[in-house]
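Keeping their order, the protein sequence lines are chains A and B.
The first sequence stops at residue 1353 when you use this note's numbering, and every number in between is there.
The second sequence stops at residue 1353 when you use this note's numbering, and every number in between is there.
Ideal placement from N, C-alpha and C gives every residue a C-beta, glycine not left out.
Right, one structure below, let's go through it.
Number of protein chains: 2
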Amino acid sequence: MPLTSSQENYLKAIYKLEVGEGIATNQALSASVEATPASVTNMLRKLMEEGLVKYEAYQGAMLTKSGRNEAVKLVRKHRLWEVFLVKKLHYDWDAVHALAEDLEHIGGAELINRLDAFLDHPKYDPHGDPIPNEQGEIRARQHAFAASEASVGTKFVVCGVRDSSSLFLRHLDKLNIRLGKNYELIECLEFDRSAVWSEGADSYTNVSSEVAINVLIQITHE
Amino acid sequence: MPLTSSQENYLKAIYKLEVGEGIATNQALSASVEATPASVTNMLRKLMEEGLVKYEAYQGAMLTKSGRNEAVKLVRKHRLWEVFLVKKLHYDWDAVHALAEDLEHIGGAELINRLDAFLDHPKYDPHGDPIPNEQGEIRARQHAFAASEASVGTKFVVCGVRDSSSLFLRHLDKLNIRLGKNYELIECLEFDRSAVWSEGADSYTNVSSEVAINVLIQITHE
DNA sequence: ATAAATTTTTAGCCCAGGCTAAAAATTTAT
DNA sequence: ATAAATTTTTAGCCTGGGCTAAAAATTTAT
């Protein structure tokens, strides 16, 4: 029997908690699907019966193989729709999450594979998160870490964000920081732990530590 | 309060019955939304309370201004998504209805206007049906009629279908009849009321009367 | 080891939107 | 005008997925 949208949302929530090394307790899920703990208990029972989830009270929930499979499919759909909305419909990157959240429940493999092809098999979504392929494999970005960990002199490219809230993304817009842009870390200021990034020439950006913590970078060897 | 998908489906069904000069009786609706008459009564009551529908037992239902407004928006969304699926994702024209049926409930004016722009403001969907504009105006095809009404010698262009079932559309595919193609009606055969259409040169297609009845054409004055 | 705090589950309720079966209303036919 | 057929509504029930408030289970702290 096909999953309902609500079931799909739970699976995705559990998945996200798992990869974030969090444990998918009743409470954590409650926050993340925006339902009361009582409702979560209810849904977990159903998902267990359908063999999508393993659950032990106080120990948290884990996806089974087939549950994880479903969750990854959802992530794929979500991220591909986000690419579509940004690249083709020119939405801002901070405005696509809610729409993708709805679109991800539509259609099956056929639709999403066609969308994937139409978009030229993008590897990352507009926030730099990797898009699982048709087989559910995720080729995660290698060697990415928070900009706050870089040392002075490092040259890097911005490749993702830790926080994809609208607030943070719009802040990056204001700082003119975008995925794919290259910088060099010029200095770290002791006073407020902020940093100075240079894009070259006389272009300098002052980056607060809150920002740096939430920006993912890769070192560029050139 | 926002409409549910189910409410939207009822509005669209009533709208379609209205334009097809049918009357949206409890029964007709029952067939068209695939629910029992009892369920229809139920929903009509709600739609009436929300001021979307006027209903009188045995006389059928009619949309109010705001109900019609909603219905036309849905038609717009449906047809634009169909264009997207066929033109961009290369679905066959007989395979897009069900998906568009789901997609049409997603998002609001912003999304659909962006989609419209992305598709270059198409005037017709893949079956030749006109797409309402943002204001809800439908510039219906003028002077279109069933191919079965044409007289010998008429030159015409195929511009739509009366039946958009998968079965019929695939049949047209087999006959190589497509929207936008030009023909001349060469003769009508008395025996089985079938017709011969020519695309010029030595290209002739024999068209049964069932087919001709369901193909919409416009006379070409050249 | 026991008390306090936390987490989870139960119980009972709500709403949307279906359903069936039977009753009521209306229309059509005789 | 009355009977027959049809259409609509009611009544009662079901499922999915929420909710609250209270009870039970477990963990943590003393």
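Against chain A, which members of the stretch 1234 to 1251 of chain B pass a CB distance test of less than 9 Å? Within the stretch 1234 to 1251 of chain B, the residues whose Cβ lies closer than 9 Å to some Cβ of chain A are Leu1234, His1236, Ile1237, Gly1238, Glu1241, Leu1242, Arg1245, Leu1246, Ala1248 and Phe1249, listed in chain order.
Is Glu1152/A near the ligand GDP, going by C-beta to nearest heavy atom under 7 Å? With respect to the ligand GDP, the structure offers nothing, as it holds no ligand at all.
Please state whether DSSP places Gln1266/A in a helix, a strand or coil. Residue state, collapsed to three classes: coil.
Which partner residues of Phe1287/A appear in the DSSP bridge assignment? Bridge partners of Phe1287/A: Tyr1314/A and Ile1350/A.
Using a Cβ cut-off of 9 Å, which residues of the stretch 1205 to 1224 of chain B contact any Cβ in chain A, in chain order? The residues in question are Leu1216, Lys1219, Leu1220, His1221 and Tyr1222.
is_contact[Leu1300/B, chain A] using C-beta, thresh 8 Å: It does not: the Cβ of Leu1300/B has no partner Cβ on chain A nearer than 8 Å.
So, do the stretch 1134 to 1154 of chain B and the stretch 1305 to 1313 of chain A have three or more beta carbon pairs nearer to each other than 8 Å? Counting Cβ pairs under 8 Å, fewer than three are found: no touch.
Taking Leu1230/B as the query, report the chain A residues whose CB atoms sit under 8 Å from its CB, ordered along the chain. Residues of chain A passing the Cβ test: Ile1237, Gly1238 and Leu1242.
Specify the secondary structure class of Thr1336/B as computed by DSSP and reduced to three states. DSSP places Thr1336/B in strand when its eight states are reduced to three.
Using 10 angstroms around the beta-carbon of Leu1160/A, count the other beta-carbons present and answer buried if the total reaches 16, otherwise exposed. So Leu1160/A ends up on the buried side.
Using a threshold of 8 Å, state whether the C-beta atoms of Ile1348/A and Tyr1335/A are closer than that. Contact annotation: Ile1348/A and Tyr1335/A have beta-carbon atoms that are not nearer than 8 Å.
Pairwise C-alpha distance: Leu1183/B and Arg1199/B: Straight-line Cα distance between these residues: approximately 8 Å.
By the 10 Å Cβ neighbour count, where 16 or more other Cβ atoms means buried, how is Ile1350/B classified, buried or exposed? Ile1350/B is classed as exposed because its beta carbon has fewer than 16 other beta carbons within 10 Å across all chains shown.
Distance check for Asn1345/A and Pro1257/A, CA to CA, integer angstroms please. Between Pro1257/A and Asn1345/A, the C-alpha separation is close to 15 Å.
Using the beta-carbon count (16 or more within 10 Å), is Gln1190/A buried or exposed? By the neighbour-count rule (16 or more Cβ atoms within 10 Å), Gln1190/A is not buried but exposed.
Here's a check: name, in chain order, each residue in its chain whose Cβ is nearer than 6 Å to the Cβ of Leu1310/B, leaving out the five neighbours to either side. Once the five neighbours on either side are set aside, the close Cβ partners of Leu1310/B are Gly1259 and Val1289.
Own chain residues within Cβ distance below 8 Å of Leu1175/B, not counting five before or after: Tyr1141, Asn1157, Leu1160, Val1184, Tyr1186 and Ala1192, listed in sequence order.
Could you compute how far the alpha carbon of Val1203/B sits from the alpha carbon of Leu1134/B? Rounded to whole angstroms, Val1203/B to Leu1134/B spans 14 Å at the Cα level.
Would you give the residue range spanned by the alpha helix (DSSP H) that Phe1249/B belongs to? Note, Phe1249/B: alpha helix (DSSP H), Ala1240 to Phe1249.
Integer-rounded CB distance, given that Asp1225/B should sit under 8 Å from Leu1238/A: The question names Leu, but residue 1238/A in the sequence shown is Gly. At roughly 16 Å, the Cβ-Cβ gap does not stay under 8 Å, so Gly1238/A and Asp1225/B are not in contact.
Close beta carbons around Thr1167/B, own chain, < 8 Å, minus the five adjacent residues each side: Same-chain partners within the cutoff: Ser1161.
Could you tell me which residues DSSP pairs with Lys1185/B in its beta bridges? According to DSSP, Lys1185/B bridges with Met1193/B.
Check whether the Cβ atoms of Ile1262/A and Arg1207/A sit closer than 8 Å, and answer yes or no. A contact, by the Cβ cut-off of 8 Å.
Using the Cβ count rule (16 or more neighbours within 10 Å means buried), how would you classify Asp1247/A? Of the other Cβ atoms in all chains shown, 16 or more fall within 10 Å of the Cβ of Asp1247/A; this residue is therefore buried.
Give the range of the alpha helix (DSSP H) segment to which Ser1295/A is assigned. Segment: none, Ser1295/A is in no alpha helix (DSSP H) and carries neither H nor E.
Cα-Cα separation between Glu1213/B and Gly1284/A, rounded to whole angstroms: Their backbone Cα atoms lie some 52 Å apart in a straight line.
Among Ser1197/A, Val1171/A, Phe1299/A and Gly1151/A, which one has its Cα closest to the Cα of Glu1181/A? For the residues Ser1197/A, Val1171/A, Phe1299/A and Gly1151/A, the minimum Cα distance to Glu1181/A belongs to Ser1197/A.
Starting from Ser1329/A, follow the beta strand (DSSP E) in both directions and report where the run begins and ends. First-last of the beta strand (DSSP E) with Ser1329/A: Ala1326 to Gly1331.
Where does Tyr1222/A fall in DSSP's three states? Here Tyr1222/A sits in coil by DSSP.
I need the boundaries of the beta strand (DSSP E) containing Ala1277/A, first residue and last residue. Residues Ala1275 to Ala1277.
Is the CB-CB distance between Glu1149/B and Leu1194/B below 8 Å? Glu1149/B places its beta carbon less than 8 Å from that of Leu1194/B.
His1209/A burial status per 10 Å Cβ neighbour count (16 or more: buried): That one is buried.
Glu1201/A and Glu1139/A: beta carbons closer than 8 Å? Yes, the pair counts as a contact, with Cβ atoms nearer than the cut-off.
Between the C-alpha atoms of Val1342/A and Ala1281/A, what's the straight-line distance to the nearest angstrom? Near 13 Å, if we compare the C-alpha coordinates of Ala1281/A and Val1342/A.
Chain-order list of residues whose beta-carbon lies under 6 Å from that of Val1171/A (same chain, five-residue window excluded): The beta carbon of Val1171/A is closer than 6 Å to those of Asn1157, Leu1160 and Ser1161 in its chain, skipping five residues each way along the sequence.
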